[in-house]
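Q:
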Amino acid sequence: MFGSLGAPELIIIALVIVLIFGVGKISGLGRELGTSIKEFRRAVKDEDAEAARQQQAPPPPQQYQQTVQAPPPPPVAAQPPASAPPPPGDPNKPNAPNVF
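For what it's worth, this note's numbering labels the leading residue of the sequence shown as 97, then goes sequentially.
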């Protein structure tokens, strides 16, 4: 990555960074980075321990419930078919137009 940069160039870059940000800021950033890494490692270790505990613990006893099935609904009675409409020329039809 730093194939063309030698030690003198890296030292000059580090000095410029220290002049721009100051020693206090750089040490604070380093401290925060270290704290973050430590918390990350602790969180990963806790999750691994929790997963191991869950694998070793016996499963909780299952509660059996008695299921009661409802009786099937009664069959639906068949309805009689609808009557066919009267033919168009039927004189008994109440709405027949009067031709007289």
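For every residue, glycine included, the Cβ atom is placed at its ideal position computed from N, Cα and C.
(1) In the DSSP assignment, find the unbroken alpha helix (DSSP H) run with residue 120 in it and report its ends.
(2) How many angstroms separate the CA atom of residue 104 from the CA atom of residue 150?
(3) Contact check, residue 122 vs residue 114 under 8 Å by CB: the rounded distance?
(4) State the Cα-Cα distance for the pair residue 107 and residue 143, rounded to the nearest angstrom.
(5) Report the three-state DSSP secondary structure of residue 101 (helix, strand or coil).
(6) Near residue 163, which residues of its chain fall below 7 Å by C-beta distance, leaving aside the five closest residues on each side in sequence?
A: In short:
(1) 119-152
(2) 54 Å
(3) 6 Å
(4) 41 Å
(5) coil
(6) none
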